[in-house]
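If you use UniProt numbering, the sequence shown corresponds to residues 1 to 203, in order.
Backbone N, C-alpha and C fix where the C-beta goes; we use that ideal spot for every residue, glycine too.
Take a look at the structure set out below.
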Amino acid sequence: MGKHKHRSSSSSSSNRKKHKKKHHHQKKEVKQEHVKKEEQPQPNQPEIIKEKPCFEASGILAQYAENALGNGKVLKFTIPFDAKIPTANWQIFPFKGTQSYPSISLKGKSVFLIGKDKEIVDILVENLSVSKQHCVIQFREIKKVNGQGEVLSYIKPYAMDLESTNGTYLNEQQLEPARYYELLEEDVLRFGKSDREYVLIKS
């Protein structure tokens, strides 16, 4: 996957449409092989988190999930230990064909639930093919050691399909369920059979 160009959140609607058109004709390939612990990912390449997260909350986790939602519903995922609230300004720009919609800010929390259950999701996708809890965008703190032995910390967004019925697509490549895929700037997400696309932008 090539290096993405930076785009400011102050871009006009017309500029966003140009970017959308570019994405429509220049779909990127998603790296499918798992990253081994002893391997360092190449610069500007997405990471795929190898371990599978636990989907079933039990005991204290189940109680916490219910209390957090406040309505007795249990989330289909657990927040990982390295979850981190992003400091950068990440946004999602929805498009349907040439029509654009208001941007969605990804700030103030580490995880954003996507689906059609209005009571619990952060990003509502009202389409019959979309599951109630379809996908999550999770920000995680990744630590790496540079050539000088210094530990560097990065907060990166990841997408995970929650074993949805009709799948989650990253740049038109279907994600394997229950695995985290790193998201890069200008990546395009699509959910189920909905033709609405969601472009990720960092400013």
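Closest residue to ASP161 among GLU150, VAL151, ALA178 (Cα-Cα distance): ALA178
Reference TYR154; option with closest CA among SER164, ASN146, ARG140, GLY147: The candidate whose alpha carbon is nearest that of TYR154 is ARG140.
Close Cβ partners of ASN166 (< 6 Å) along its chain, the five nearest in sequence each way excluded: SER129, GLY192, LYS193
Beta-carbon proximity check, LYS202 vs GLU182, cutoff 7 Å: The Cβ atoms of LYS202 and GLU182 lie no closer than 7 Å to each other.
GLU197 - containing beta strand (DSSP E), residue span: 197-202 is the extent of the beta strand (DSSP E) around GLU197.
DSSP state of ASP161 mapped onto helix, strand, coil: Here ASP161 carries a strand assignment [DSSP, helix/strand/coil].
Neighbourhood of SER164 by C-beta, 6 Å cutoff - its chain only, sequence neighbours within 5 removed: Closer than 6 Å at the Cβ level, and outside the excluded window around SER164, lie SER131, HIS134.
Per-residue DSSP class, three states only, for THR168: strand
Endpoints, beta strand (DSSP E) assigned at LEU75: Here LEU75 belongs to no beta strand (DSSP E), and DSSP marks it neither H nor E.
Helix, strand or coil at ILE142 [DSSP, three-state]: strand
Local Cβ density within 10 Å of SER105, reported as buried at 16 or more and exposed below that: By the C-beta density criterion, SER105 is exposed, having fewer than 16 other C-beta atoms within 10 angstroms.
Helix, strand or coil at PRO102 [DSSP, three-state]: Three-state result, PRO102: coil.
Sub-7 Å separation of LYS96 and ARG196 beta-carbons: yes
Pair within 7 Å by beta-carbon distance, GLN138 and TYR158: yes
Cα-Cα separation, LYS21 to LEU75: Residue placement at LYS21 cannot be trusted, given a pLDDT of 46 that sits under 50; the coordinates are not used to answer.
DSSP-derived helix/strand/coil call for SER153: strand
Burial state of GLU150 (16 or more Cβ within 10 Å): exposed
Span of the beta strand (DSSP E) around LYS96: Under the DSSP assignment, LYS96 falls in the beta strand (DSSP E) whose first and last residues are 90-96.
GLU182: first and last residue of the uninterrupted beta strand (DSSP E) it sits in: Looking at the DSSP string, the run of the beta strand (DSSP E) that includes GLU182 is 180-182.
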